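*Asks:* Before anything else, here's the structure in question.
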Amino acid sequence: MLLNLKKVFKWVSVGGARTFLLKDIDLEVNEGEFISIMGPSGSGKSTLLNVIGMLDGFDEGEYHFLHESVHKMKEKQRAQLYKQYIGFVFQQYHLIDELTVYENIETPLIYQDFKSSERKAMVADILDRFNIVGKKDLFPTQLSGGQQQLVGIARALIAKPKLLLADEPTGNLNSKQGEEIMNLFAELNKTGVTIIQVTHSEKNAGYGSRIINLLDGRMENELKQ
Amino acid sequence: MIKNYFKTAWRNLWKNKVYTSINITGLAIGLASCMLIILYTKDEVSYDRFHANAPNIYHVVSKMTSPEGNVSKMGSTGNRPGPAFKESIPETKDFVRIQQSNFNVKKGTDVFDEEGHFTDGNFFSFFSFRLKEGNSATVLSDIHSVVINEDLAKKYFGKESAIGKTLEVDPGNGFEQFIVSGVAKNSPENSSVKVKLLFNMKIQQRDNPDNLWLNFFQNTFVSLQPGVNIKAVEQKFARIYEASSEDEAKNAAEQYGLKDKISYELQPLLGMHLDTAYVPDNGLYNASDPVYSYILTGIALFLLIIACINFINLSIARSLARAKEIGIRKVAGSERKQLIFQFLGESFLLSFFGFVFALLLVVLALPFFNEVSNKALSFSYLFDIKLIFLYAGLFIVSGLLAGFYPALILSKFNPVDTLYGRTNYTGKNYLSKSLVVLQFALATFLIIGTIIIYSQFNFLTHYKLGYNDDNLAIVKTGSIDAKKVNRIAEELQKNPAVVSIAARNGGFRSTSAKIDGKEINLAYETIDKEYLPTLQLNLVQGHNFTGENSFDSATSAIVNETFVKTAGWKEPLGKKIDFFWDSGRIYNVVGVVKDYYYSSLKETIKPQLFTMDARSGKYGQLWVKINPANTASTLQFIQKTVRMALPLQPFQYEFKKDINAAKYESEQKWKQIISFAAILTIFVSCIGLFGLASLAAQKRTKEVGIRKVLGAGVTDIVRKLSMGFLALVLIASLIAVPAAWWVSHKWLQGYPVRIEISIWIFVFALVLIVTVSILTVSFQAIKTAIANPVKSLRTE
């Protein structure tokens, strides 16, 4: 088992009344799974993803990741954990505009104290794997959306995470580019990377092994394929 | 990692050239002013440090305490203290006396007036002045030896060696021959004692023997054993003085009414330059007031702080653009600490550029700064190991000051908020606002200060002094009597361009006299009958002096109105004034002259008395009123005539108007300093405001687009965008106005003649600062307002 959430609640208090963002979430994720989270706008998909990614906290419940109790950790320990095991992909790609493709991909390695020579080898390797060696010295604004997302995924994978979290990774792409990205995800999943993605598209959700439907912060039903 | 930080920092700075240049310019100005002030202060505290024995050398100063407890302090002493203290106090190792005088020196047929000093023979072993030629132990041992500096050696002997050559000098009682026994290197700029023309003190003692304690005319330095208790030595001084001056003090009390108690104190040589209690003068040079250092340091720090405020404000305002990057870095695994270092790295990179430009600015500004600060600082002073550390410190401080707060704020961003665009950027931002208020309050304060100083300066230099100083040349004559004056006057009058000629004693004198048993202090002048008409002074009562030799003139006095008021006379004419210290000198008041500012407008008018009595001393100056047309040839005529009459007197003249103007030199300097500071402050504040305004406009591009689509006009939008900033500027001026009023009010109290602080000064300052800020802010606002809304909405 990679992670599990037990009775997780998250809320915001507005004028004394609690608005629940997540309500009673129980979720177990095993290594090697490919999960899609679906649901209408505001149902808590991204929130759930961020909680799993440890970028966001929660108010009640337990969260275990690789047998460590995330809910008892201090922020620093959590950061230590997620930077080692989790990679993020965003709908808006979120590349640093001032850095080149190469440097963007290299950034997580820098924060994990890899040596310069190691970094070089790892980045070269992934550039090669994603077929973007020729783009390595370009800046994000010089790339198409699909290419930017490819760089975003390369950056998420560079430190060899166990878990890849993707928040609508194809939301800003045309259908052809989207399909390429989803195929890439499927391939990655085959090599053993656990993936959790948030998506609106039934078709994209179909790539996964399990679909979780959220409504108003509550898990509606689970569908195994 | 460092490389990565540096790369992002560099690209960030490069991409945002406007903000980068605002920050670098501001920091460069702030740092450059700090560097200049460090140079200035270093020079100030370096005074007299080059003497090997400096820590053990003290200046003997005199303190006079009146029976009522009033204390007056002066740096001068007489002939006695030095030898007396050395003889009986073992802690006193040695002493040296320095007495300033002016000497006429012959070079061929020309005679020059040179400033020089009488001193004791051990001068060169006591101090560490270097001799270019000559033996420092024996150089002043002979009574007819003279030591000159390099400049004088060049002036009188050209390229030849001056040693052993003869110099004809008049040390006071006629020309004598002196042998040049040594040539001293020109004294360092930062020396209170300067070697110009040095004679053996014995000459002075031969011509004017003076063995009194109660006479204060020269500077005495002593060197003490290291580590002695200064207070104890001062007490020993007091005992010796009291024991050996008893008779003299009694005599002075009886004869001159001198009841003050004298005590001697020790002023460390190293603290002398900046001591305002005992000002080093009377043959010591460049006395300074530490207040200059304080004010200049204050201004420099203000500028640096304002520049740092710009940096802080712009960084915070730009956090919007950086938020995404911060989020990404956090998601990629960055810790907060690492982000703080990254942002600090950027601010250090900026300060570094600022620093480099600051060095350039210092090089460019140094000549101007030297002029304003009366210094001869050179760029090479910068390369001093201590200073380099200080600058490194300054660099680190400014980097931290500017970078730390933004780094803290920026690194705190929550990645989820920033990446999902949920950050609340429209916070109240009180810090930024108060910093802007602070900047503009300072700027307004300095503008008002500048206007006040300008007006006061203008007022002083154009104030009617009560006499006419136009075209009035004052010619130094040396001591001459009335006969000689008449002879010269006769010759001068042959030229129609010479309007009138009057004679007066040299220098300013003051004394006390008894009136109806009461003692009053007064300034007194020996003049001739032409003096009052030449100055176009009006008599309010009585008449002018009539003839030069008549008994009447010798026993008459003319006084000013203040004198009459001080004496408490209703009917001044015929009243008696008793110069009791010189028995038999009693004057009858024959005239009252209207009060006029005989000294400077910075001093109140004191009781003044004029006499033609020969006992009151000889004449020393001719005041010649000339026709303004063809001044040059008239002056040549005067020179020829005076030189013919006084062949051994170097011809020296000055226009009274120039002398009067020179009295406001320090005001002139402050005027320059403050106005320069004001301009820089406004400039640095405004570029900051410009940056803020453009960022704000950028942030509101979408809002402006929507408003335009909804039908808002350009003026509405410009007003909307500018109002917030203008409100800050107005608040700033409301803070600055009372502060500026209070400070300038205090400052003006120091002047008996001063401007009224008019409301218009403040109005003018406010209009100025508001106009400048409107121009600054609206430039950006207009740019945003006239942009096509379709474009701005699409880019969102």
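Just so you know, the sequences run in chain order S and L. So for the first sequence, my numbering puts the first residue at 1; every next one is plus one. So for the second sequence, my numbering puts the first residue at 1001; every next one is plus one. All C-beta atoms, glycine included, are put in the ideal place defined by N, C-alpha and C. No experiment lies behind these values; they were computed from the predicted model shown.
Can you tell me the Cβ-Cβ gap for L/Y1531 and L/R1509, rounded? I've got them flagged as a contact below 8 Å.
*Replies:* At roughly 15 Å, the Cβ-Cβ gap does not stay under 8 Å, so L/Y1531 and L/R1509 are not in contact.
*Asks:* Could you pull the start and end residues of the beta strand (DSSP E) that L/I1163 belongs to?
*Replies:* Segment: none, L/I1163 is in no beta strand (DSSP E) and carries neither H nor E.
*Asks:* What is the DSSP secondary structure of L/H1059, reduced to helix, strand or coil?
*Replies:* It is a strand residue.
*Asks:* Could you check how far apart the C-beta atoms of L/I1057 and L/L1269 are, in whole angstroms? I think they sit under 8 Å.
*Replies:* Right, the Cβ-Cβ distance comes to about 4 Å (below 8 Å), so this counts as a contact.
*Asks:* Which residues bound the beta strand (DSSP E) around L/P1268?
*Replies:* Unbroken beta strand (DSSP E) run through L/P1268: 1261-1268.
*Asks:* Which same chain residues, not among the five before or five after S/E75, have their C-beta less than 7 Å away from its C-beta?
*Replies:* Nothing listed; no residue qualifies.
*Asks:* Tell me, which residues are paired with L/A1473 by DSSP?
*Replies:* Note: L/A1473 sits in a beta bridge opposite L/V1624, L/F1655.
*Asks:* How about S/F130: is its C-beta nearer than 7 Å to some C-beta of chain L?
*Replies:* Closer than 7 Å: no.
*Asks:* Can you find the residues in the same chain that come closer than 7 Å, C-beta to C-beta, to L/V1499, ignoring five residues on each side of it along the sequence?
*Replies:* Taken in chain order, the residues that qualify are K1625, I1626, N1627.
*Asks:* Could you pull out every residue in the same chain whose Cβ sits closer than 7 Å to the Cβ of L/F1651, ignoring the five residues on either side in sequence?
*Replies:* If we look at L/F1651 and ignore the five residues flanking it on each side, its Cβ neighbours are Q1639, V1642, R1643.
*Asks:* Hey, would you say L/V1105 sits closer than 7 Å to L/V1169, going by beta carbons?
*Replies:* Yes, Cβ-Cβ distance for L/V1105 and L/V1169 is below 7 Å.
*Asks:* Return the CA-CA distance between L/G1134 and L/R1097, expressed in angstroms with no decimal places.
*Replies:* Those two C-alpha atoms are separated by around 21 Å.
*Asks:* Let me check understanding here. Comparing Cα to Cα, which of L/P1789, L/K1330, L/R1011 lies closest to L/A1712?
*Replies:* Cα-wise, what sits closest to L/A1712 is L/P1789.
*Asks:* Going by C-alpha to C-alpha distance, which of S/Q197, S/T100, S/G217, S/Q80 sits closest to S/L127?
*Replies:* Ranking the options by Cα distance to S/L127, first place goes to S/T100.
*Asks:* Figure out for me which residue from L/P1533, L/S1583, L/A1567 has the closest Cα to the Cα of L/Q1255.
*Replies:* Cα-wise, what sits closest to L/Q1255 is L/S1583.
*Asks:* Tell me which same chain residues have a C-beta within less than 7 Å of the C-beta of S/V12, skipping the five on either side of it?
*Replies:* Taken in chain order, the residues that qualify are T19, L21.
*Asks:* Is it the case that the Cβ atoms of L/W1581 and L/A1502 are separated by a distance below 7 Å?
*Replies:* Cβ atoms of L/W1581 and L/A1502: not closer than 7 Å.
*Asks:* Could you tell me whether the Cβ atoms of L/V1593 and L/P1572 are closer together than 7 Å?
*Replies:* No; because the gap between Cβ atoms is not below 7 Å, this pair is not in contact.
*Asks:* Nearest by alpha-carbon distance to L/G1164: which of L/G1182, L/Y1597, L/K1155 is it?
*Replies:* The residue with the shortest Cα to Cα distance from L/G1164 is L/G1182.
*Asks:* Give me, in chain order, the residues of the same chain whose beta-carbon lies closer than 6 Å to that of L/V1061; leave out the 5 immediate sequence neighbours on both sides.
*Replies:* Closer than 6 Å at Cβ, skipping near neighbours: G1075, E1265, Q1267, Y1278.
*Asks:* What do you get for S/N104, buried or exposed, if any count of 16 or more other CB atoms within 10 angstroms of its CB means buried?
*Replies:* It counts as buried.
*Asks:* Which residues does DSSP pair with L/T1800 in a beta bridge?
*Replies:* Because chain L spans 1001 through 1796 in this model, residue 1800 of chain L falls outside it and cannot be assessed.
*Asks:* Any idea what DSSP makes of L/L1797, helix, strand or coil?
*Replies:* In this structure chain L extends from 1001 to 1796, so residue 1797 of chain L is not present and cannot be described.
*Asks:* Who are the neighbours of S/N172 on chain L, taking C-beta pairs under 8 Å?
*Replies:* Going along chain L, no residue has its Cβ under 8 Å from S/N172, so there is no contact; the nearest lies around 14 Å.
*Asks:* Can you tell me which of L/V1363, L/I1480, L/Y1596, L/E1491 puts its alpha carbon nearest to the alpha carbon of L/N1468?
*Replies:* Checked all of L/V1363, L/I1480, L/Y1596, L/E1491; the closest Cα to L/N1468 is L/Y1596.
*Asks:* Apart from the five residues on each side of it in sequence, which residues of its chain come closer than 8 Å, Cβ to Cβ, to S/Q149?
*Replies:* Counting only Cβ-Cβ distances below 8 Å, and skipping sequence neighbours, we find V89, Y93, P169, T170, N172, L173, Q177, I181.
*Asks:* Using a cut-off of 8 Å between C-beta atoms, extract the partners of S/N50 located in chain L.
*Replies:* Result: V1416.
*Asks:* DSSP on L/D1247, reduced to helix/strand/coil?
*Replies:* Three-state DSSP puts L/D1247 in a helix.
*Asks:* If the cut is a Cβ gap below 8 Å, which residues of chain L does S/P108 touch?
*Replies:* Per Cβ cutoff of 8 Å: A1332, G1333.
*Asks:* DSSP puts L/Y1169 in a beta bridge; with which residues?
*Replies:* Checking the displayed sequence, the identity of residue 1169 of chain L turns out to be Val instead of Tyr. Answer by DSSP bridge pairing, in chain order: L/V1105, L/E1176.
*Asks:* Would you mind sorting S/R155 into buried or exposed? The rule is 16 or more other CB atoms within 10 Å of its CB.
*Replies:* It is buried - the Cβ of S/R155 has at least 16 other Cβ atoms within 10 Å.
*Asks:* With contact counted as at least three CB pairs below 8 Å, one residue from each stretch, are the stretch 1668-1684 of chain L and the stretch 1509-1519 of chain L in contact?
*Replies:* Taking 8 Å as the limit for Cβ pairs, the verdict is that the stretch 1509-1519 of chain L does not touch the stretch 1668-1684 of chain L.
*Asks:* Using three-state DSSP, classify S/Q80 as helix, strand or coil.
*Replies:* Looking at S/Q80 - three-state DSSP - the assignment turns out to be helix.
*Asks:* At which residues does the alpha helix (DSSP H) containing L/W1760 begin and terminate?
*Replies:* Segment 1759-1785, the alpha helix (DSSP H) holding L/W1760.
*Asks:* Pick out whichever of L/V1397, L/L1036, L/K1042, L/F1095 has its Cα sitting closest to the Cα of L/I1368.
*Replies:* Sequence inspection shows Phe at residue 1368 of chain L; the Ile mentioned does not correspond to that position. It is L/L1036.
*Asks:* Verify the CB distance criterion: does S/H94 have a CB-CB separation below 7 Å to chain L?
*Replies:* Closer than 7 Å to some Cβ of chain L, the Cβ of S/H94 qualifies, so yes.
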